[in-house]
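Student: Protein sequences, first through last, are from chains H and S. Under the working numbering, the first sequence is numbered contiguously, ending at residue 172. Under the working numbering, the second sequence is numbered contiguously, ending at residue 1262.
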Amino acid sequence: MRRISLWLLSTVAAVVLLFTYRTSTNSPADASAAPTTINEQTTTSTPGASPTPTTSPSVSTSPETGTSPTSEPTTSTAGAAKTYTGSVASTRWGNVQVTITVTNGKITDVAVPVYPTENHKDQEINAYALPVLRQETLAAQSANIDTVSGATVTSDGYLESLQAALDAAHLA
Amino acid sequence: MTATAAVPRRAWVEQTMGLPISIHVRGDRLTGDDVEHLVAAVFADLRHVDAVLSPYRDSSDLSAWERGALRLADADPILAQVVALCDEARQRTDGWFEPRELPDPRTGEPRYDPSGLVKGWAVERAARYFDALDGYGWCLNAGGDVLVRAPADQPAWRIGIEHPDDPARIMRVVERRAGAVATSGSAHRGAHIIDPRTRRPTTAVRAVTVTGPTLLWADVYATAAAAQGSTALPWLDAVAGYHALVVTRSGLVRTTGSWPAT
């Protein structure tokens, strides 16, 4: 389970960085198109699991918006759901930390307790991006890659690269 | 899931040569002098290459040589090495790799710019420090060009090839225990690949990925193939030891017959 969760954390960190960047060009109208609610959710933890299970805020879409056709119920069976917390990755663009909830070996929820919030724009962006992140994470589970080969990424474009996220998950 | 994430891993990222360079090392002990000194040596080596060979710096030996202010024999020896390798690259690619009369990155004026070869060559050369990393796996990624090594007791590195239309999507995955994966295309920098026959930017293909034993030649072949366009695939098919994947202008994905299936 630890192996799985570590990999998932890196994938999720990837997606967070991607969305943090990509949506930064959206208009405020776009950002408000997907209303979200922030819930406190307690998951049942198993003693001795590693990394240490924690309770963390999770992000979920409002039921009426229905923007997550592939998402699974966030309510978890007692004893089956565990939450894993990644370390805070320091990036040039700000700190990112990700937690995931795994139920029966599958990721069922994603939360991002730490992400760039330097300004109001960042907050708007994340309100839009984080619910979408859950879908992306579910879709990305099968790729399981270590690194990315693509057309030359310049230093300026690094943040939009999937590689930036794969790096962020492993920076010491 | 595979066992990839089971081996402890640590990443380092620095910006040099105008590129984000990331190094991932897998092994049991990732702190302490052994690993950290070697990673620092690799980055220092790349910074030295940048200082000598950057077309962006007036102070580089490359720029001084082009101005006629420095003789090749008096320059840092890596300049002469790179000039010789560029000649070899032009021959190996039937002229499709061509460093002469490329637009200056700052002024647009024609100049000699070996950068298309320098990156792969420099990364491969810097990675020699990792020969001392016995029992470790490592993955060097320089702006999308990748060189890896995995010892027998570790899984192969899984290299995702990004989709040229959507860098967030992975088109294919290649597994490599040793060797290189290089991609050339216009996804991030627009049409920057020059057709040496017309001396104008070309978008004949969307992306070319080449995998093979060395990053120097994988990168050169990918750049040459991107300039060459639709006739590149049969040409790449004939290059021994290297395999290629081409995304055509219309979006078709085509590979050489030897492309590794995953």
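For each residue, glycine too, the CB sits at the ideal point set by N, CA and C.
1. CB S:Val-1220 to CB S:Tyr-1242, shorter than 8 Å?
2. Relative to chain H, which residues along the region 1079-1100 of chain S have a C-beta separation below 7 Å, given in chain order?
3. Out of S:Val-1239, S:Ala-1069 and S:Arg-1249, which one is the CA nearest neighbour of S:Trp-1259?
4. Mind checking if H:Ala-151 is an interface residue toward chain S, Cβ cutoff 8 Å exclusive?
5. Could you pull out every unbroken beta strand (DSSP E) segment of at least 3 residues lying fully inside the region 1068-1140 of chain S, listed in chain order?
6. Among S:Trp-1012, S:Tyr-1056 and S:Arg-1100, which has the Cα closest to the Cα of S:Thr-1198?
7. What does H:Thr-83 touch in chain S if you count any residue whose Cβ is under 7 Å from its own?
8. Given that a residue counts as buried once 16 or more other Cβ atoms are within 10 Å of its Cβ, and exposed if not, what is S:His-1163?
9. Which class does S:Pro-1008 belong to by DSSP, given the choice of helix, strand or coil?
10. How would you label S:His-1037, buried or exposed, when you count the other beta carbons within 10 angstroms and need 16 or more for buried?
11. Buried or exposed: S:Glu-1124, going by 16 or more other Cβ atoms within 10 Å of its Cβ?
12. Excluding five sequence neighbours on each side, which residues of the same chain lie with their C-beta closer than 7 Å to the C-beta of H:Ala-29?
13. Determine the burial state of S:Leu-1147: buried for a count of at least 16 other Cβ atoms within 10 Å of its Cβ, exposed for fewer.
14. Given a cut-off of 8 Å, decide if S:Thr-1183 and S:Ala-1207 are closer than it, judged by their beta-carbon atoms.
15. Within a Cβ cutoff of 6 Å, which residues of the same chain sit near S:Thr-1016, ignoring the five residues on either side of it in sequence?
16. Could you spell out where the alpha helix (DSSP H) holding S:Asp-1050 opens and where it closes?
17. Beta-carbon of H:His-170 versus every beta-carbon of chain S: anything under 8 Å?
18. Would you decide whether S:Thr-1031 is buried or exposed? Buried here means 16 or more other CB atoms lie within 10 Å of its CB.
19. Can you name the start and end residues of the alpha helix (DSSP H) that S:Ala-1218 belongs to?
Tutor: Taking the structure as given:
1. Locating residue 1220 of chain S in the second sequence gives position 220, counting from the first residue. Locating residue 1242 of chain S in the second sequence gives position 242, counting from the first residue. Contact: no.
2. none
3. Taking the first residue of the second sequence as position 1, residue 1259 of chain S is located at position 259. With distances taken between Cα atoms, S:Trp-1259 lies closest to S:Val-1239.
4. Position 151 of the first sequence, counted from the start, is the residue given in the question as residue 151 of chain H. Output row for H:Ala-151: interface = yes.
5. Correct list: empty.
6. One-based indexing of the second sequence puts residue 1198 of chain S at position 198. Out of S:Trp-1012, S:Tyr-1056 and S:Arg-1100, S:Arg-1100 has the C-alpha closest to the C-alpha of S:Thr-1198.
7. Start at 1 with the first residue of the first sequence, and residue 83 of chain H comes out as number 83. Those within 7 Å of H:Thr-83 in chain S number zero; the least Cβ separation is about 18 Å.
8. Taking the first residue of the second sequence as 1, we reach residue 1163 of chain S at position 163. Under this definition S:His-1163 is a buried residue.
9. On the second sequence, position 8 is the one that residue 1008 of chain S refers to. Three-state DSSP puts S:Pro-1008 in coil, outside helix and strand.
10. Taking the second sequence and counting its residues from 1, one reaches residue 1037 of chain S at position 37. Label assigned to S:His-1037: exposed.
11. Along the second sequence, read from residue 1 onward, the residue named residue 1124 of chain S stands at position 124. Buried.
12. The sequence position of residue 29 of chain H within the first sequence is 29, counting from 1. Any answer about H:Ala-29 is weak, because its pLDDT of 31 lies below 50 and its placement is not dependable; what the coordinates show is given next. Contacts found: none.
13. Taking the second sequence and counting its residues from 1, the one referred to as residue 1147 of chain S is at position 147. Buried: at least 16 other Cβ atoms inside 10 Å.
14. Taking the first residue of the second sequence as 1, we reach residue 1207 of chain S at position 207. Taking the first residue of the second sequence as 1, we reach residue 1183 of chain S at position 183. Contact: yes.
15. Working through the second sequence from its first residue, we reach residue 1016 of chain S at position 16. Contacts found: Leu-1046, Arg-1047 and Asp-1050.
16. To locate residue 1050 of chain S, count along the second sequence from 1; it is residue 50. Here the alpha helix (DSSP H) through S:Asp-1050 covers 1033-1053.
17. Along the first sequence, one-based indexing puts residue 170 of chain H at 170. Yes, its Cβ sits closer than 8 Å to a Cβ of chain S.
18. Numbered from its first residue, the second sequence carries residue 1031 of chain S at position 31. The residue is exposed, with fewer than 16 neighbouring Cβ atoms inside 10 Å.
19. Within the second sequence, numbered from 1, the residue matching residue 1218 of chain S stands at position 218. Its alpha helix (DSSP H) spans residues 1215-1228.
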